[in-house]
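K.L.:
Can you read through this structure? Questions will come right after.
Numbering (the working numbering), first residue to last: 63 to 123.
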């Protein structure tokens with residue numbers, strides 16, 4: 063997730079911690095759970111569905 067981006071089809075705009083942010087799906091990386099230090103929050107079910115839709119389009123279209 064980043065706060066600086068452009069509106070690309072592979073990026074989803076969300077509000078987090080009072081700021082406009084982007085979920086950048088064209089730069090997906092794997093991260094070991096051990097490296098995750100703290101839980102920052104949750105995203106809405108609608109955002110999860112949007113993320114799944116974009117990933118599906120990236121992989122199958």
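No residue lacks a Cβ here, since even glycine has one placed at the ideal position from N, Cα and C.
Whole angstroms is fine: what's the gap from residue 95's alpha carbon to residue 106's?
P.N.:
21 Å
K.L.:
For residue 110, count the other beta carbons within 10 Å of its own beta carbon; 16 or more makes it buried, fewer makes it exposed. Which is it?
P.N.:
exposed
K.L.:
Tell me where the alpha helix (DSSP H) around residue 105 begins and ends.
P.N.:
Taken as a continuous stretch (DSSP letters only), residue 105 belongs to no alpha helix (DSSP H), as it is neither H nor E.
K.L.:
Could you check the C-alpha separation between residue 91 and residue 69 for me, to the nearest Å?
P.N.:
20 Å
K.L.:
From which residue to which residue does the beta strand (DSSP E) around residue 86 run?
P.N.:
Unbroken beta strand (DSSP E) run through residue 86: 81-86.
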